[in-house]
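*Asks:* In the working numbering, the protein residues as written are 66 to 361.
My questions will all concern the structure given below.
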């Protein structure tokens, strides 16, 4: 049963639920692996990867199609970038899972999904990688297709997974893709339903963000605004979750903090750029200041 109330996310709540404070160098802040992109959408993995670093991950590894990997490596000089086998249409091929085993097994968090371009290949890639992912895992965008096909596919992950659908993807994953724009209450209920069925934390973005845990806990974050409804915004949000997980946050904590950091970053840009018209690429650089403001 869903709880009668949902916790409102505020800076005060987050200060009481403080993030792990890393000691030492970059190894102390964790290693994250971001997998995604395609020949036509390399920017999605770039946005997610930068967001992971801006939220505090210490080391960054990125895997994307071989045809765009050299350009991505130049755009992300902080990262190890691995080129993956791709389909004739320029999508990450499921068979490239073999190229990812070593990176996945050594990562402190893994994000799979931003910018993937082939539904079938994305779902198969997730299924092939699951036995090798020992750290918390974020499943985003087309990688959610494996959950849509078999909601129990994450059963062996011991609750280490965060799903980051947008409202349309949430409906599709639950088998109801044509519901139209869901109400906030419907989003909350759907997030709770998927969390229980998949045994994973669910973070769904939108004008209002909801986070739901398999044990029935839920949170609502009303920060942000219309400006966050822009291409690439969801990739940033998924990357924030992955970066916080690499730092050592637990799955629910990472999802809740990421939703608020994403929303507050949007509010900052709305005040300096305009209520709408700022770009997703402008969100990650604002995150460190938002983090410092909350943690002071």
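C-beta: ideal position from N, C-alpha, C; glycine also.
Please determine, among 259, 102, 309 and 95, the residue with the shortest C-alpha to C-alpha distance to residue 213.
*Replies:* Relative to the Cα of residue 213, the nearest Cα in the group 259, 102, 309 and 95 belongs to 259.
*Asks:* Would you mind working out which of 75, 157, 71 and 83 sits nearest residue 360, comparing C-alpha positions?
*Replies:* 83
*Asks:* Residue 81 to residue 129, Cα distance in whole Å?
*Replies:* 38 Å
*Asks:* According to DSSP, is residue 210 helix, strand or coil?
*Replies:* helix
*Asks:* Indicate the three-state DSSP secondary structure (helix, strand or coil) for residue 174 in the structure shown.
*Replies:* Strand at residue 174.
*Asks:* My assumption, with CB atoms under 8 Å, is that residue 127 sits in contact with residue 137. Please give the rounded CB distance.
*Replies:* 6 Å
*Asks:* Between the Cα of residue 123 and those of 326, 254 and 311, spot the shortest distance and give me the residue it belongs to.
*Replies:* 311
*Asks:* Roughly how many angstroms lie between the CA atoms of residue 110 and residue 179, to the nearest whole one?
*Replies:* 5 Å
*Asks:* Okay, do the stretch 91 to 107 and the stretch 289 to 297 touch, 3+ Cβ pairs below 8 Å being the bar?
*Replies:* no
*Asks:* Please classify residue 284: does DSSP put it in a helix, a strand, or coil?
*Replies:* Taken through DSSP and simplified to helix, strand or coil, residue 284 comes out as strand.
*Asks:* Counting pairs of beta carbons, one from the stretch 335 to 350 and one from the stretch 147 to 155, are three or more of them closer than 8 Å?
*Replies:* No, they do not touch.
*Asks:* So, helix, strand or coil for residue 154, using DSSP?
*Replies:* Note: residue 154 maps to coil in three-state DSSP.
*Asks:* Can you grab the Cα-Cα spacing for the pair residue 254 / residue 157, in whole Å?
*Replies:* 33 Å
*Asks:* How about residue 329 and residue 112: are their beta carbons less than 9 Å apart?
*Replies:* no
*Asks:* Along the chain, where does the alpha helix (DSSP H) that runs through residue 137 open and close?
*Replies:* 134 to 140
*Asks:* Which one of 163, 252, 223 and 181 has the shortest CA to CA distance from residue 71?
*Replies:* 252
*Asks:* Report yes if the CB atom of residue 235 is closer than 9 Å to the CB atom of residue 265, and no otherwise.
*Replies:* No, the pair does not count as a contact, with Cβ atoms beyond the cut-off.
*Asks:* Check residue 67 in the structure and name its three-state DSSP category.
*Replies:* Residue confidence for residue 67 is low, a pLDDT of 45 falling below 50, so the modelled location carries little weight; the figure read from the coordinates is stated next. Residue 67 falls in the coil class under three-state DSSP.
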